[in-house]
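Student: Here you go, one structure.
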Amino acid sequence: MTKILMVCLGNICRSPLAEGILKSKLPQNSFIVDSAGTANYHTGSTPDKRSIAVAKKYNLDISNLRGRQFNISDFDTFDIIYVMDKSNYKNIIALARKNEDRLKVKYILNEVYPNQNYDVPDPYYGGDEGFENIYKMLDEACSIVAETLI
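Heads up: the sequence shown begins at 1 in full-length UniProt numbering, then just goes up one per residue.
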């Protein structure tokens with residue numbers, strides 16, 4: 001079983017959307033997809049209402065997800081760790097214990113734009129259109145991930 005972790009800052013906007021999108025594209029009996037944040041601001045919280053709304057618009061329900069903070073043991077649990085931006089990457093790499101841990105960490109948008117290390121913008125302080133935009137970015141990247149893994 002392949003285990004994939006999506007990581008953003010607070011685990012209420014980008015990473016829960018990425019989790020929900022990728023889960024919808026993969027067979028549940030062969031894959032586990034989860035999400036986490038590099039910070040503990042929203043531990044136990046539901047995703048941002050705007051993330052929930054944009055997911056619902058595309059027939060995904062992420063309202064049952066709860067925020068959690070990335071833990072060093074996630075390197076042992078997950079095969080692939082996708083980060084949303086450079087800050088997330090630096091924070092996760094700083095926790096890596098060995099090269100094997102570092103090799104698991106990837107930028108999600110590198111699936112669409114190889115080796116470019118583009119950020120998925122954090123929509124938290126913006127309006128609804130930011131959530132729509134990141135949904136489309138993540139949907140495209142997750143489609144490529146799914147095609148590669150299945």
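Beta carbons are placed, not taken as given, at the ideal position from N, Cα and C, and that holds for glycine. Note that the structure is a prediction, hence the values are computed from the model and not measured.
(1) Put residue 37 into one of helix, strand or coil per three-state DSSP.
(2) Please name the residue in 135, 143 and 16 whose C-alpha comes closest to that of residue 57.
(3) Just verifying my parser: in three-state terms, what is the DSSP assignment at residue 46?
(4) For the beta strand (DSSP E) that residue 6 lies in, which residues bound it at each end?
(5) What is the DSSP secondary structure of residue 78, reduced to helix, strand or coil?
(6) May I ask you to report which of helix, strand or coil DSSP gives residue 58?
Tutor: Taking the geometry as given:
(1) In the sequence shown, counting from the first residue as 1, residue 37 sits at position 37. Looking at residue 37 - three-state DSSP - the assignment turns out to be strand.
(2) If you number the sequence shown from 1, residue 57 lands on position 57. Looking at the Cα atoms, 135 is the closest of the given residues.
(3) Taking the first residue of the sequence shown as position 1, residue 46 is located at position 46. If DSSP states are grouped into helix, strand and coil, residue 46 belongs with coil.
(4) Here residue 6 refers to the residue found at position 6 of the sequence shown. Here the beta strand (DSSP E) through residue 6 covers 2 to 8.
(5) As a first step, residue 78 is located in the sequence shown; it is residue number 78 there, counting from the start. Here residue 78 sits in coil by DSSP.
(6) Working through the sequence shown from its first residue, we reach residue 58 at position 58. Of the three classes helix, strand and coil, the one that applies to residue 58 here is coil, per DSSP.
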